[in-house]
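In my numbering, the protein residues as written are 1 to 133. This report refers to the structure that appears directly beneath it.
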């Protein structure tokens, strides 16, 4: 249980830091220009917190802990990348299919980003959990 808790904290911290850098950089360059008035005028913290709590748990369950149990860093990174690709593709392609004027460029940026940031979070979680846990 201690290892899972450590993995969760390390994964969450790494994921949040890297995702915050991306969002703060890309918000004005990509999202606001393309999504415009589709974006809420105010950021809603509660749904974001709930997403991060759930998603980090998924990263730990599907990528970090299987790698801790055997497979190492490569397994954590690969499983994280696959999870990120699937999760972000689900979001973006559903938007592409159901929303009027969802920009293809957002989808093409988000899916590889999801794979990358999830692989980074999973890798960090694995590295810390395997050393400290």
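Using N, Cα and C, we set each Cβ at its ideal position, and we do this for glycine too.
So, are the CB atoms of residue i and residue j less than 8 Å apart?
i, j, result
"residue 118", "residue 80", "yes"
"residue 11", "residue 64", "yes"
"residue 111", "residue 85", "yes"
On the CB-based measure, 16 or more other CB atoms within 10 Å of its CB, does residue i come out buried or exposed?
i, result
"residue 101", "exposed"
"residue 33", "exposed"
"residue 97", "exposed"
"residue 128", "buried"
"residue 6", "buried"
"residue 103", "buried"
Give every residue of the same chain whose Cβ lies closer than 6 Å to the Cβ of residue i, excluding the five residues on either side of it in the sequence, and list them in chain order.
i, result
"residue 18", "117 and 120"
"residue 130", "68"
"residue 21", "none"
Determine the closest residue to residue i out of the options, with distance taken between C-alpha atoms.
i, options, result
"residue 91", "106, 73 and 36", "106"
"residue 51", "15, 41, 29 and 25", "15"
"residue 48", "37, 23, 74 and 9", "23"
"residue 4", "99, 66 and 95", "66"
"residue 9", "41, 53 and 37", "53"
Please work out which residues of its chain come closer than 7 Å, Cβ to Cβ, to residue i, disregarding the five sequence neighbours upstream and downstream, and give them in chain order.
i, result
"residue 122", "11, 59, 63, 64, 76, 77, 79 and 80"
"residue 126", "64, 67, 68, 73 and 76"
"residue 89", "111"
Can you give me the Cβ contacts of residue i inside the same chain, cut-off strictly under 8 Å, excluding the 5 residues immediately before and after it?
i, result
"residue 87", "55, 58, 114 and 118"
"residue 30", "105, 106 and 109"
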